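Read the structure below first, then the notes.
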Amino acid sequence: MNDSSRQTKFLRNYAPPAYLIEEVALDVHLAPKNARIASKLRMRPNPKMAPGQPLVLDGEDLALERVALDGKDLSPGDYALSDGSLTINSVPAQPFTLEIVTLCDPEANTELSGLYRSRGTYCTQCEPEGFRRITYFIDRPDALAVYTVRIEADRATTPVLLSNGNLIEQGDVAGTDRHFAVWHDPFPKPSYLFALVGGDLASVHDSFTTASGRKVALGIYVKPGKEDRCGWAMESLKRAMRWDEERFGLEYDLDVFNIVAVSDFNMGAMENKGLNIFNDKLVLARPDTASDADYHSIESVIAHEYFHNWTGDRVTCRDWFQLCLKEGLTVFRDQEFTSDVRTGPVERIIDARMLKTHQYPEDAGPLAHPVRPASYIEINNFYTSTVYEKGAEVCRMLQTLLGARPFRKGLDLYFERHDGEAATVENFVDAMADVSGRDLTQFMLWYTQSGTPELACSLDYDPHAKTAKLHVSQVVPPTPGQTSKEPMLIPLKVGLIGANGDELPLKLNGEILTDGLLEVTDREQVFEFHDVPAPPTPSLLRDFSAPVRLTTSLDANQIEFLMMHDSDPFNRWQATQTYAGNLLTAAAREGDVGRATGKEAVRLAQALATAARDDTLRPAYRAETLKLPSESDIARELARNVDTDAVHAAREALRAKIGGSIGDTLAALYDTAGTDAPFSPDPQSAGLRALRLAALDLLAATKAPGGARRAHYREASNMTDAIMALSILSQLQSPVRDDALAHFYARWEDEPLVLDKWFAVQARATRPDSVETVRALLTHPKFSLKNPNRVRALIGSFAQANPSGFNRADGAGYALLAGQALEIDRFNPHVAARLLGAFESWRTLEPGRQRHAKAALEDLAGQSLSTDSYEIVTKTLG
Ligand code: PHE
Ligand code: ZN
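In the numbering used here, the protein residues as written are 1 to 878.
Written out as structure tokens, the structure reads:
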């Protein structure tokens with residue numbers, strides 16, 4: 001790492017590239033230790049920029065063999081090589097051809113960025129700055145070019161050769177053991193969308209005919225033997241392709257769409273044009289190996305990457321500050337897809353929960369940044385839940401404010417204007433403003449202001465005037481680098497509910513508000529509703545219409561009323577969460593579990609039983625209702641002086657109380673709900689399983705006979721049931737636990753993705769010795785720091801999903817994470833830096849834990865760190 005890589009980059013310093021690359025011809029000779037890449041670039045000076053500038057190409061970890069300008073070799077005096085770049089001082093003012101030959105070492109590439117080998121398969125990962133590890137290039141998203149790629153490799157070991165676009169030629173290299181393939185991608189793209197794969201892969205094929213009649217060959221490439229696990233991914237892909245045509249009028253544009261699954265991948269998946277590369281965890285599924293959660297994430301990530309073909313590939317980002325332009329919008333699109341193919345309200349709950357669990361703490365902590373950051377040190381650290389999930393909420397708010405039709409028109413206009421270009425957030429919002437005629441200046445604050453807005457609402461009813469006044473105030477809390485904030489434009493969906501549970505008409509300023517949508521624009525605002533016959537109960541922030549923290553003046557009775565009567569499914573669920581959350585935070589704050597087990601807990605239990613038995617509600621929805629706020633939800637609500645043991649104790653006490661109070665209802669659900677049908681991953685069947693398992697989770701908490709013992713691990717006939725049973729049993733101190741874990745291991749030790757679950761279950765188990773358990777597993781023969789999935793399964797699950805273990809009062813959890821991250825940082829900074837994100841909420845802890853966390857961070861700061869980890873550690877310390 002060099003010092004310049006630690007410099008802060010600023011959005012305000014954006015300047016277009018001095019040179020343009022029009023065409024790229026790559027000739028790639030694959031070899032394990034020295035892959036040779038010959039690149040031929042047709043270039044010209046950017047007419048928009050000052051002439052005569054030096055040509056600076058990015059490059060990293062490359063051995064340069066040759067540079068030639070217009071066919072003539074350059075000598076070392078003609079160029080300068082530094083750690084991160086190749087500079088040619090003088091190039092023609094006219095179009096010219098640059099040829100570069102470099103070597104790189106795929107086997108030694110442990111960062112998994114650039115060209116690397118995953119268990120014998122050559123593959124690439126170029127977003128955001130990996131292409132420069134393949135060849136010298138203008139490696140930035142606004143440098144779009146048309147690529148032709150010739151790949152050559154050993155025929156026997158590397159029979160499959162893939163790249164972006166369409167295959168135009170293939171054959172043997174005469175007189176050798178080698179063969180080649182030539183791929184051409186007619187769509188101009190930035191280097192981060194380049195991809196190449198070479199390996200001994202099996203494949204599954206299908207086809208899709210687009211609305212306008214183009215027949216697209218679909219292929220999924222996997223390690224031989226895994227062909228029987230591609231069906232769900234293929235079905236999901238076809239569903240996504242059809243949906244994007246129907247909902248957004250967007251068709252696929254090449255003759256081929258390929259997906260490759262690899263076992264070593266830093267992230268989930270990558271949208272390279274026409275050649276998506278996936279973490280195999282998000283492709284492979286078979287009923288006995290994959291859980292319902294796996295099927296759900298495969299479906300949504302396959303869709304996500306496919307949707308990038310338009311939002312990301314056809315229209316890409318001008319610079320990395322605009323990352324949310326493709327990611328927020330594409331997450332929004334995949335969420336809409338999943339809502340349509342599954343149960344909408346359940347998906348909304350899942351998405352809101354995810355946002356609150358991951359994004360709210362980020363927004364409230366030392367790593368807070370706007371959806372469009374204004375600066376960064378290492379862009380790899382900005383693939384965050386703020387950019388992705390809050391970015392998606394921002395798109396959703398635009399759709400809510402404008403209406404679905406105008407929003408669609410706005411997207412159409414955005415594509416019409418920017419197809420084939422590298423665009424900005426302003427381009428996107430301008431299209432929305434232009435189709436709707438609205439001034440969206442204030443709305444832009446969602447992109448530039450960090451922090452979760454706090455919205456306080458209270459309702460005053462005047463029985464004489466028959467009016468109900470809704471007082472709304474908003475505050476956006478200060479965040480690093482942003483001390484004072486402007487008020488935001490917040491879409492606030494509301495309803496007023498009468499005493500008998502009816503929706504009351506919303507009369508505001510002499511008109512009836514049919515969609516219940518209020519626009520909050522000021523720090524303080526009052527909305528006065530007329531002709532309200534009797535005191536109503538307000539339902540606020542329906543459908544989670546904005547990513548804000550809501551506080552209301554509702555008392556426990558009103559919240560209970562909403563639990564029973566709110567016609568908005570999201571808010572009916574939210575009322576249960578709020579009710580439980582209030583009990584749990586009081587208990588945890590006071591260290592008194594009695595606060596969570598009194599008569600209010602019994603009332604909550606009754607309400608849950610009513611919902612759980614309600615056949616008019618979908619099972620998946622009923623399952624969500626039975627899930628109590630998580631320990632991290634409670635910690636987030638507490639916001640300061642958090643004692644994770646008190647949080648755990650409070651939640652366990654409430655679970656046990658509920659399990660005890662409505663045990664019969666829960667047992668009936670567990671014993672009956674759709675158990676005998678053969679496994680099918682469809683949403684209805686998954687919903688029934690979710691309901692049974694949510695019931696089991698509460699029953700298990702009672703510790704009584706029939707509690708944990710109901711977790712019949714050995715009888716589980718599918719992975720969802722097996723993992724649930726294993727999770728429950730793994731909390732116990734008992735031979736039953738050891739037997740179940742040993743049985744699972746013996747059955748699955750040779751299936752890496754399933755074995756990851758075995759590691760993860762143990763890392764998540766809340767036990768006094770969980771730090772020791774994880775430490776012991778670090779030395780397990782099947783554990784490897786080099787495989788990101790395994791690292792996330794063990795160390796990631798421990799740090800992210802075992803709050804009381806990770807935050808153990810003596811600091812042992814922090815020391816474990818810091819030590820492992822430091823080791824990983826030496827060879828894979830991206831993975832290490834992401835793990836270190838687990839420290840982001842350390843300042844919300846009670847003083848003793850804070851001291852330990854701080855010591856671990858300071859110790860890290862004193863080590864030699866990658867740029868990635870350096871940025872996270874120094875910012876986290878603040
Ligand atoms: N762009 C990928 C996505 O779809 C994520 C990713 C980022 C993958 C960086 C690899 C590296 O969200
Ligand atoms: Zn994405």
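Ideal placement from N, C-alpha and C gives every residue a C-beta, glycine not left out.
Bear in mind the structure is a predicted one, so any value in this text is a computation, not a measurement.
If you keep only unbroken alpha helix (DSSP H) runs of at least 4 residues inside the region 385-473, you get 391-402, 404-418, 425-436, 445-448.
Cβ neighbours of E305 within its own chain (closer than 6 Å, five residues either side excluded): A269, E271, N276. For D58, the enclosing beta strand (DSSP E) stretches over residues 55-58. A residue is called buried when at least 16 other Cβ atoms come within 10 angstroms of its Cβ; T386 meets this threshold and is buried.
Distance from the CA of P619 to the CA of S717, rounded to the nearest whole angstrom, comes to 20 Å. Around the beta carbon of D460, fewer than 16 other beta carbons sit within 10 angstroms, so the residue counts as exposed.
A direct Cα-to-Cα measurement between P159 and C104 gives close to 21 Å. Look at the beta carbons and you see the region 25-35 touching the region 140-154: at least three pairs across the two are nearer than 8 Å. For P128, the distance from the CB to the nearest heavy atom of the ligand PHE is below 7 Å. Short of 6 Å from the beta carbon of A18, and not among the five residues preceding or following it, lie these beta carbons of its own chain, in chain order: N46, M49, Q53. Proximity of the region 124-135 to the region 8-18 falls short of the contact definition, fewer than three beta-carbon pairs being nearer than 8 Å.
The closest heavy atom of the ligand ZN lies less than 7 Å from the beta carbon of T330.
The criterion of a C-beta distance shorter than 8 Å is satisfied by V774 and A763. Between the region 197-213 and the region 252-264 there are three or more C-beta pairs closer than 8 Å, enough to call the two in contact. E624 places its beta carbon 8 Å or farther from that of R651. Secondary-structure assignment with DSSP links Y19 through a beta bridge to P45.
Per DSSP, the continuous alpha helix (DSSP H) segment holding R636 begins and ends at 631-638. Counting only the Cα atoms, F428 lies some 14 Å from T448. The beta carbons of L401 and P547 sit no closer together than 8 Å.
Inclusion of C126 and Y192 in the CB contact set at 8 Å is warranted, their separation being smaller than that value. Of the heavy atoms belonging to the ligand PHE, at least one sits nearer than 7 Å to the Cβ of Q125. Exclusion of the five residues before and after E99 leaves K40, A68 as the residues of its chain whose Cβ lies within less than 6 Å of its Cβ. Within the region 579-622, the alpha helix (DSSP H) runs of at least 4 residues that lie entirely inside it are, in chain order, 599-613. The beta carbons of H743 and A725 sit no closer together than 8 Å. In the structure shown, T551 adopts extended strand secondary structure according to DSSP, grouped into three states. Per DSSP, the continuous beta strand (DSSP E) segment holding I259 begins and ends at 256-262. The DSSP-derived three-state label of K356 is helix. Spatial neighbours of D825 in its own chain (CB-CB distance under 8 Å, excluding positions within 5 residues in sequence) are listed in chain order as A832, A833, L865, S866, D868, S869. In this structure, E271 has its beta carbon less than 7 Å from a heavy atom of the ligand ZN. Sorting F248, S734, A695, L836 by C-alpha distance to the C-alpha of D721 places A695 at the top. Checking the 7 Å criterion, the Cβ of H358 is out of range of every heavy atom belonging to the ligand PHE. The way I'd put it, the region 309-328 does touch the region 373-391; three or more beta-carbon pairs between them come closer than 8 Å. The way I'd put it, the region 799-816 doesn't touch the region 289-299; fewer than three beta-carbon pairs between them come closer than 8 Å. Per DSSP, V341 is one residue of the alpha helix (DSSP H) stretching across 323-341.
Remark: the shortest separation between the CB of N266 and any heavy atom of the ligand PHE falls under 7 Å. Under the DSSP definition of a beta bridge, P491 partners with E519.
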